[in-house]
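First up is the structure itself, then whatever we jot down about it.
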Amino acid sequence: MKTLSVSKKKDLVCYAGVAKKKGENSDEVIAPSLFLEADVMRKWLVDIRKEFGITEGMTSKEINSKFNASIYKAFVRYVPELQHESFHFCRTLYAECAFVKFGKGDKTLYFSEVLGHEYKAQTTDRYIAKSSK
């Protein structure tokens, strides 16, 4: 809400200034968009910031506390089927849909990339990959 910026990067979208960082020095996630173009997302982000007002001087935690319920209520109006699901479920749903539509290779690695999580490969990953063939 406060630091996010959205831009197009080839056929993907770059989400910079994300609160959830992938590694210590990264604040961006590059991932596919399932429905919207980056320019539409940018416009909506501007509109949302106007609607909710100034967040300058507020921490991410304060912003979350102040706006979380309002954003959730608006979301449920558009997608009532998900009214009993958590935000994390919605992120899982996005990652699964993106993997089905665009993903190649290891699903765990793909999820970590599009959700902005750091992934540390384990030796057992190779055994798991081989066993699923």
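Take 1155 as the starting number for the sequence shown in the working numbering and just add one per residue. Where is the CB? At the ideal position from N, CA and C, for every residue including glycine.
Is the beta carbon of PRO1186 sitting closer than 8 Å to the one on LEU1158? no
Helix, strand or coil for LEU1166? Go by DSSP, reduced to three states. strand
Given this structure, state the Cα-to-Cα distance separating ASN1179 from LEU1269, to the nearest angstrom. Its pLDDT being 48, under 50, ASN1179 is placed unreliably in this model, and the coordinates cannot settle the point.
| said: Assess contact between the region 1189-1200 and the region 1214-1232, defined as three or more Cβ pairs (one per stretch) separated by less than 8 Å. Is contact present? | reply: no
**Item:** Whether GLU1182 touches ALA1192 by CB criterion (8 Å)
**Value:** At a Cβ-Cβ threshold of 8 Å, GLU1182 and ALA1192 do not count as neighbours.
Just the Cα atoms here: how many angstroms apart are SER1161 and GLU1272?
21 Å
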